[in-house]
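>
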Amino acid sequence: MSWIKDFKLNVKKDLSFYGSDLSRPECVIAQKNNTLWVSDNRHAVTKINADGSQEQLGENGETNGMTMDKDGNIYLVDWMNNKILKMTPDGQMEVLLDSLDGQPLGPTNYVFVDSQNRLWVAISTRRHPWFVAAVDPQPDGHVILIDQNGPRIVADGILFTNEIRLDKDEKYLYVAETMASKISRFPVNADGSLGLKETFGPESLGEGCFVDGFCFDSEGNVWVTTVLRNGLMIIDAQTQEAHTVFEDVNESALAEAAEALATKSLTPEQMFACGGETLQLITSVNFGGEDLKTVYMGSLAMNKLVTFRSPVAGMPMLHW
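Residue 66 is where the sequence shown starts when you use this note's numbering, and the numbers rise one by one after that.
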């Protein structure tokens, strides 16, 4: 897949922006009719219609990760209140899970729905507030599976669980392991249990490459965001080599954050200072457009989405 090494984008020249007045647009879902659903911390979701008009749906909270089923229902996590919710296309909300075995959930980060309508939930850590898990990383992140047998933990020992997704054949559950700066994966058994964790790609994507969101293209390559480097990388499905497409690094702020992390003194202000000149804390990447070659990227600190055209199509999602 020689195109990967040749695929580079100039942050100033090759990226465009879409939407307006968005608030913490961490995650994006694209539909075939060019409707976008964007996470929002004022309501649950901002819907961007194909004509560019916007409307806010759902109840107040702080939506982080989202996924859509075949019927257009959105499953989302409330990062503020640590709940898993279901939202119908008209904005009706229902709480699906807010505790496990009698205990409140840890910081809920992402949710993914598969072809059997099972929900896979990423819990970043068992500690509250979530930021302590960035200051002092410990392998207490885990994954909850919700199926006909109810919710249960199927993976544990993860260094800050971020986005999770199944591949096209649903043979592996891939995990963005943020504080390990890598993508990990688990073999998926028929009953939903998981095999042993293995690394996909490099053991570390590099200094300051704290992975946040990712997705698959139609060739099985993994597109990964590096939140504090404001960047995008691609891990080749065949060679598992990683390639940087672009990044907008605030070198001095990132160096200060890295030094503070080494002494377990990192503050939220130091993390948010790592926004670049053009891009601020890029978190997610997804494919859209009728040909699945339009890329949309979310963030923690921008009021619009980042977008560009891809040389290859994305992997069609369940709702496509």
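Positions of the beta carbon are idealized from the N, C-alpha and C atoms, including for glycine.
#1: One question on the structure: do S189 and P172 come within less than 8 Å of each other, judged by their Cβ atoms?
#2: Can you check the segment 194 to 282 for any beta strand (DSSP E) of at least 3 residues that lies completely inside it and give the ranges in chain order?
#3: Can you check the segment 315 to 362 for any alpha helix (DSSP H) of at least 4 residues that lies completely inside it and give the ranges in chain order?
#4: What's the call for N75, buried or exposed, on a 16-neighbour Cβ count within 10 Å?
#5: Classify F82 as buried or exposed, calling it buried when 16 or more other Cβ atoms lie within 10 Å of its own Cβ.
#6: I'd like the span of the alpha helix (DSSP H) that includes P71, first residue to last.
#7: Considering only C-alpha positions, which residue in the set A338, M298, P154 and Q335 is nearest to D282?
#8: For E235, count the other beta carbons within 10 Å of its own beta carbon; 16 or more makes it buried, fewer makes it exposed. Which is it?
#9: Assign A255 to buried or exposed, taking buried as 16 or more other Cβ atoms, counted over all protein chains shown, within 10 Å of its Cβ.
#10: For the candidate residues I347, F352, N129 and E272, whose alpha-carbon lies nearest to that of N98?
#11: Please report the Cβ distance between I300 and V314, rounded to the nearest whole angstrom; I am assuming they are in contact, meaning their Cβ atoms lie under 8 Å.
#12: Return the chain-ordered list of same chain residues with a C-beta closer than 8 Å to the C-beta of K369, the five sequence neighbours on each side being excluded.
#13: Would the beta-carbon of I223 fall within 8 Å of that of R217?
#14: Can you tell me whether E124 is buried or exposed, with buried defined as 16 or more other CB within 10 angstroms of its CB?
#15: How many angstroms separate the CA atom of R192 from the CA atom of D277?
#16: Give a yes or no on whether the C-beta atoms belonging to I149 and V93 are separated by under 8 Å.
#17: May I ask you to report which of helix, strand or coil DSSP gives R374?
#18: For the segment 331 to 345 against the segment 107 to 116, are there 3 or more C-beta pairs whose distance is under 8 Å?
#19: Measuring CA to CA, which of K77, S164 and D71 is closest to V371?
#20: How about the segment 374 to 381 and the segment 327 to 334: do they share at least three Cβ pairs that are nearer than 8 Å?
#21: Rounded to the nearest angstrom, what separates I248 and V310 at their Cα positions?
#22: Closest by CA to D163, which one among N147, T153, E263 and R294?
#23: When the Cα atoms are used, what is the spatial distance from V219 to R230?
#24: Taking the DSSP output, what are the residues bridged to L162?
#25: Between which two residues does the beta strand (DSSP E) carrying W385 extend?
#26: Can you round the beta-carbon distance between Q305 and G266 to whole angstroms, since I take them to be within the 8 Å contact cut?
#27: Less than 8 Å between the C-beta atoms of G257 and D212, yes or no?
#28: Between Y140, A95, M158 and T226, which lies nearest to A199 when the distance is taken from Cα to Cα?
#29: Would you mind sorting R410 into buried or exposed? The rule is 16 or more other CB atoms within 10 Å of its CB.
The relevant details are as follows:
#1: Cβ distance < 8 Å, so S189 and P172 count as in contact.
#2: Unbroken beta strand (DSSP E) runs of no fewer than 3 residues, entirely contained in the segment 194 to 282, are found at 206 to 212, 215 to 223, 226 to 231, 237 to 242, 247 to 252, 263 to 265 and 276 to 281, following chain order.
#3: Complete alpha helix (DSSP H) runs here, min 4: 316 to 327 and 333 to 337.
#4: With fewer than 16 other beta carbons inside 10 angstroms of its own, N75 counts as exposed.
#5: In the assembly as shown, F82 is an exposed residue. Its beta-carbon has fewer than 16 other beta-carbons within 10 Å.
#6: Rather than Pro, the amino acid found at residue 71 in this sequence is Asp. In this chain, the alpha helix (DSSP H) harbouring D71 covers W68 to D71.
#7: Taking D282 as reference, the option from A338, M298, P154 and Q335 with the minimal CA-CA separation is M298.
#8: Counting Cβ neighbours within 10 Å, E235 comes out exposed, since fewer than 16 surround it.
#9: By the Cβ-count criterion, A255 is exposed, with fewer than 16 other Cβ atoms from all chains shown falling within 10 Å of its own Cβ.
#10: The residue among I347, F352, N129 and E272 with its C-alpha nearest the C-alpha of N98 is F352.
#11: Going by Cβ atoms, the distance from I300 to V314 rounds to 19 Å, so no, they are not a contact pair.
#12: Take K369, set aside five residues on each side of it, and the residues of its chain with a beta-carbon closer than 8 Å to its own are F82, Y83, G84, S85, L87 and P90, in chain order.
#13: Between I223 and R217, the CB-CB gap reaches or exceeds 8 Å.
#14: That one is exposed.
#15: Counting only the Cα atoms, D277 lies some 19 Å from R192.
#16: Going by C-beta atoms, I149 is not nearer than 8 Å to V93.
#17: Collapsing the DSSP output to three states places R374 in a strand.
#18: They do not touch, by the three-pair rule.
#19: The shortest C-alpha separation from V371 is found at K77.
#20: With a cut-off of 8 Å, the segment 327 to 334 and the segment 374 to 381 do not count as touching, because too few Cβ pairs lie within range.
#21: C-alpha separation (whole angstroms): 17 Å.
#22: Answer by Cα proximity: N147.
#23: R230 has its alpha-carbon roughly 14 Å from the corresponding atom of V219.
#24: When DSSP reads this structure, L162 sits in a beta bridge with I149.
#25: Per DSSP, W385 belongs to no beta strand (DSSP E) and is neither H nor E.
#26: The beta-carbon distance between Q305 and G266, rounded to whole angstroms, is 5 Å. This is short enough to meet the 8 Å contact definition.
#27: Contact check for G257 against D212 passes: the beta carbons are separated by less than 8 Å.
#28: Ranking the options by Cα distance to A199, first place goes to T226.
#29: This structure leaves residue 410 out entirely; the chain is present only between 66 and 385.
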